[in-house]
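Asker: First the structure, which I've put down as structure tokens, then a few questions once you've had a look.
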Amino acid sequence: MKQKKPLLIANWKNQITTITSAEKLFISISKKLGTTTDIETVICPPMIYVGHLGKLVTSRNVVLGTQGLPDVSKSVQTGLITPEMVFNSRARYIILGHSEERVRGITDQQIHDNALGILQQPLIPIICIGETIRDKNHLYYEVIREQIETIVKKFSPEYMSRIVIAYEPIWAIGKNAKRECTPAETMMMIQFIRKTLLDMKYDIKLVQSIPIVFGGSVSPDNAKSYTTIGGADGLLVGRASLDSKTFFSIAKQIFPNKKKNK
Ligand code: PGA
């Protein structure tokens, strides 16, 4: 099977407040990571900066994305952005269903509808799933199963071959995180996600090819453990993506081991 390139996704959330700082950070990351073909870097600024940053994309290795598309309805709408506009502004990925978006009320059904709308363009939805708590009875597995079943239900194999799944345990995200998710916990959940997709009768090769990334307090210290022991195909990074040096240190941790691959 073709080796998947690790994906490194920066989720800037609403933390970059001027276009100048967005541009500076984007250029600095592009300079540092634009020449490496070892990983694919996806930078997801708030929607308002996408048009501008789209003009600064110079490398295939550092791709532009964005965050959240709350409604992709086809009717004429005031205040909404369509997937087509996002694509035409040169973004290629969209983070969907982030837990912070779920707190604002987006449901799995809406995430499903939005992902479908996005997939009608040559865009890749990064679909976030994750449980709020880890209960003693392991009911959190059922939470994940339900999210997956509702969000990707009846997606064609072609659509499935274009999605990215981000496992983001909510209790491990942000500066109020309870604790870090361990690589072993990550590995078990990633296996469970693939098993759920197999139970939904998707072909095994297709299921193995879907990138599943991990997000939640990723730092230069723990990054490598998630992509090695944890089995993640990449990382979705929040706070640590706001500083180019820190972000680059994370990138270095997940460069594939060339000697081993030769
Ligand atoms: P964090 O955020 O890396 O700051 O925990 C991750 C996320 O919310 O996607």
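Last residue of the sequence shown: 271 in the numbering used here, with the numbers rising by one and none dropped. Even for Gly, the Cβ is constructed at its ideal location relative to N, Cα and C.
1. Using a Cβ-based criterion (distance less than 6 Å to any ligand heavy atom), does Arg248 qualify as near the ligand PGA?
2. Which residue marks the beginning of the alpha helix (DSSP H) containing Ile160, and which one marks its end?
3. Taking the Cβ atom as the reference point for each residue, do Gly239 and Phe256 lie within a distance shorter than 7 Å?
4. Residue ranges of each beta strand (DSSP E) run of no fewer than 3 residues wholly in the region 169-233, ordered along the chain?
5. Have a look at Asn185 and Ala249 and give me their C-alpha separation to the nearest angstrom.
6. Specify the secondary structure class of Ala241 as computed by DSSP and reduced to three states.
7. Helix or strand or just coil, what does DSSP make of Glu49?
8. Near Asn23, what residues of its chain come up, given a Cβ to Cβ distance below 7 Å and the 5 sequence neighbours on each side ignored?
9. When DSSP builds the beta bridges, which residues end up paired with Thr87?
10. Look at the Cβ atom of Val227, then the Cβ atom of Leu244, and state whether they are nearer than 7 Å.
11. CA-CA distance, Thr141 and Asn231?
12. May I ask which residues mark the beginning and end of the alpha helix (DSSP H) holding Arg111?
13. Count Cβ pairs between the region 56-66 and the region 32-39 that sit closer than 8 Å; are there 3 or more?
14. Do you know how far the Cα of Ile28 is from the Cα of Phe164?
15. How long is the line joining the alpha carbons of Phe96 and Leu132, rounded to whole angstroms?
Answerer: If we stick to the structure as given:
1. yes
2. 149-160
3. no
4. 173-176, 221-224
5. 15 Å
6. coil
7. strand
8. Pro55
9. DSSP lists no partner for Thr87.
10. yes
11. 21 Å
12. 108-112
13. yes
14. 37 Å
15. 7 Å
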